[in-house]
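So that you can map any letter, position 42 of the sequence shown is 41 in numbering that gives the first Met the number 0, and since no number is skipped, the others follow by simple counting.
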Amino acid sequence: MTGYIKAFKPELKIKDYELYRGVYCSECRVLGRLYTPIARMLLSYDFTFLSIVRLALQEQCGKFEKGRCCVNPAKKCLKCTDDAELERSADVVIIVSYYKLLDDIADGGFFKRLACRLIKPALSLMHKKAARRQEMLDRAVASAMKEQEKIEKSGTASLDEAADPSGKMLATIFSQGYYGEDKIQLWRFGYLLGRWIYLLDAVDDIEKDIKSGSYNPLKAKFPDANSLSGDEFRKFAKERLDLTAGETANALGGLKFNRFGDIIENVVCDGMFASQTEVFRKKEGVKNEKESVLGSRSTGHGE
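Laid out in structure tokens, this is it:
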């Protein structure tokens, strides 16, 4: 995933942040046990959020015990004893990372493709194991990636169409194994979250995609660097991101959490907004830097 789904620490209680970190550390431990220590490098807080949501819906959850970090034994951390859900999330980490690697090999630049090819043998072995353990999820992720590839080759300018495979992929990942109303609500929540991630990633990568010629649905309306310089791009992107983020937050109302409610609300209501703000602030920094360079050049010519 992309790293956009994370808690907003300033608004999170200390005890909740320790639990949040505890799920991350537990996921890291399970990844290392199931797929070798190298697999821990693939973990991000996006996957931690998946574990938290699904653990929150269970009638009972394993205890959190004090322990030490498996990477840095000098560091203390909490460990969750509920391995079943954490093992499933570990499988998801491997499956999603594998298909993302294949996508990077197909579409990345020379050095990125080279690095991915070096990693591929090890990740392929891990993927074989994960695919055996989670056959349905593996097929769903593979199907979503193929659909995404087809859409990108079509060059569609429709944001809805372009974001649909990502939405379906996360909908399946979140809802698989649940039934009835819980499955319906989890599907909707996962779909909206996947759509938001895709849109923010498109906004984040627009300059790079314009320069490299890579597909980005936003390029139909904003085809070059000059079209990004005004307020229109920010307004256009922010409206669509805010709408999707708001719908994602509303989807929480249909889910009955037995624990971790404050953490989930923080991630969806505060963390997602903070990620948006960070992306736009980064773009403002690039824009101001360019304007400063142009201003310096103009002054130089005047002299």
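C-beta atoms are modelled at their ideal positions from N, C-alpha and C, and glycine is treated no differently. None of these values were measured; they are calculated from a predicted model.
Shown here, residue 220 sits in coil according to DSSP, grouped into three states, outside any helix or strand. Within the segment 175-234, the complete alpha helix (DSSP H) segments at least 4 residues long are 179-211, listed from N- to C-terminus.
Here residue 230 is exposed. Its C-beta has fewer than 16 other C-beta atoms within 10 Å.
In the three-state DSSP reduction, residue 268 falls in the helix class (H, G or I). Sixteen is the threshold: when 16 or more other Cβ atoms of the shown chains lie within 10 Å of the Cβ of residue 262, as they do, the residue is buried.
Of 43, 24 and 96, the smallest CA-CA separation from residue 72 is found for 24. Taking the Cα positions, residue 64 is about 14 angstroms away from residue 74. Cα atoms of residue 160 and residue 76: separation of roughly 42 angstroms, rounded to the nearest angstrom. Taken in chain order, no unbroken stretch of beta strand (DSSP E) lies wholly in the segment 105-135 with a span of 3 residues or more.
Non-local C-beta neighbours of residue 29 in its own chain, meaning closer than 7 angstroms and more than five positions away in sequence, comprise 82, 85, 86 and 89, ordered along the chain. Taking the C-beta atoms as reference points, residue 158 is found no nearer than 8 angstroms to residue 250. The beta carbon of residue 31 lies closer than 8 angstroms to those of 38, 39 and 69 in the same chain, with the five residues before and after it left out.
Contact between residue 257 and residue 55 holds: CB atoms are separated by about 6 angstroms, below the 8 angstroms threshold.
Here residue 265 is buried. Its C-beta has 16 or more other C-beta atoms within 10 Å. In the three-state reduction of the DSSP assignment, residue 78 falls in the strand class.
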